[in-house]
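Undergrad: Quick note on numbering: the sequence shown equals residues 20 to 232 in this note's numbering. The C-beta atom is built at its ideal place from N, Cα and C for all residues, glycine as well. This is the structure I have questions about; it appears just below.
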Amino acid sequence: MSKYGVPYVLAGLFVILIGATSLPITRGITSYIIIICGFLFSAFMFYFFRDPHREPPHDEDILISPADGKIVSIKWIDNEEFVGDCKRISIFMNIFDVHIIRMPASGVIRGVSRYKGKYLLGFKEEASRKNSRVSVHIVTKSGNLKLHLIAGAIARRIVCEPSPGEHWEIGEKIGIIKFGSRVDFFVPAELELRVFEGMRVKGGETILGIWKK
């Protein structure tokens, strides 16, 4: 389980403890309901914050998916800040996907910015422009990349570990979007994509594209 889920699991265990200690007093169904609710909550949190091992391919000529989920759109973007003319790959994470965010390539963090906004459903196109998000600028040997970690209707807590100036390796865990939303990944136009709309991807494993030589 990811470290980000520990407080939630402990909260569920605390509810179980309350139910157990109240048994001698209530001697009724109420205590059992509390115990069951606490157990179910802890079990789901343990599942939601699971952290499966991923072995990224170590190749400077590729980019891997930063997140698990479904590619809901691939769009051409003109003159995007920091990246220039690029392709935007949007990955929607539902509540049952792994929510750990990983480095798509080895590189240096140029900047991390937070933007306040709305909390629209993550699969909607306008969520890219209107929702609260964290923007991560990455400099690699092959080109500049940008990640938008986007909050959603349920997912309103974004954890982003990197700081400007730090070097991170491909596949390293850089944060999490709690309870489902989307990641917009801006990649240079010259990248040759290996994915398509509707495709499901795994963070840290699925190859999104190859740099053209």
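1) Rank T40, S161, C105 and K197 by C-alpha distance to the C-alpha of R175 and give the top, closest one.
2) V206 and L164 look like a contact to me (Cβ under 8 Å); what is the Cβ gap, rounded to whole Å?
3) Going by CA-CA distance only, name the one from S125, S154, N150 and K149 that's closest to G223.
4) The beta strand (DSSP E) spanning L227 covers which residue range?
5) Between G130 and the rest of its own chain, which residues show a CB-CB distance below 7 Å, the 5 nearest in sequence each way excluded?
6) Leaving out five residues on either side along the sequence, give the residues of the same chain with a beta carbon under 8 Å from the beta carbon of I93.
7) Using the Cβ count rule (16 or more neighbours within 10 Å means buried), how would you classify T225?
8) Whose CA, out of D203, I128, F67 and G57, lies closest to the CA of I96?
9) By DSSP, does P71 sit in helix, in strand, or in coil?
10) Let's test the definition: count the other Cβ atoms within 10 Å of the Cβ of P75 and tell me whether it reaches 16, buried, or not, exposed.
11) Only counting the same chain, and skipping five residues up and downstream in sequence, which positions put a Cβ closer than 6 Å to that of F60?
TA: This is what the structure holds:
1) That would be K197, whose Cα lies nearest to the Cα of R175.
2) Contact flag correct, Cβ pair sits at about 6 Å.
3) The shortest Cα separation from G223 among S125, S154, N150 and K149 belongs to S125.
4) Counting along the chain, the beta strand (DSSP E) containing L227 begins and ends at I226 to W230.
5) Excluding sequence neighbours, G130 sits near H156 and P183.
6) Around I93: K106, R107, I108, S109, L212, V214, F215 and E216.
7) It is buried - the Cβ of T225 has at least 16 other Cβ atoms within 10 Å.
8) Nearest C-alpha to I96: D203.
9) Note: P71 maps to coil in three-state DSSP.
10) The residue is buried, with at least 16 neighbouring Cβ atoms inside 10 Å.
11) Excluding positions up to five away in sequence, the list reads G31.
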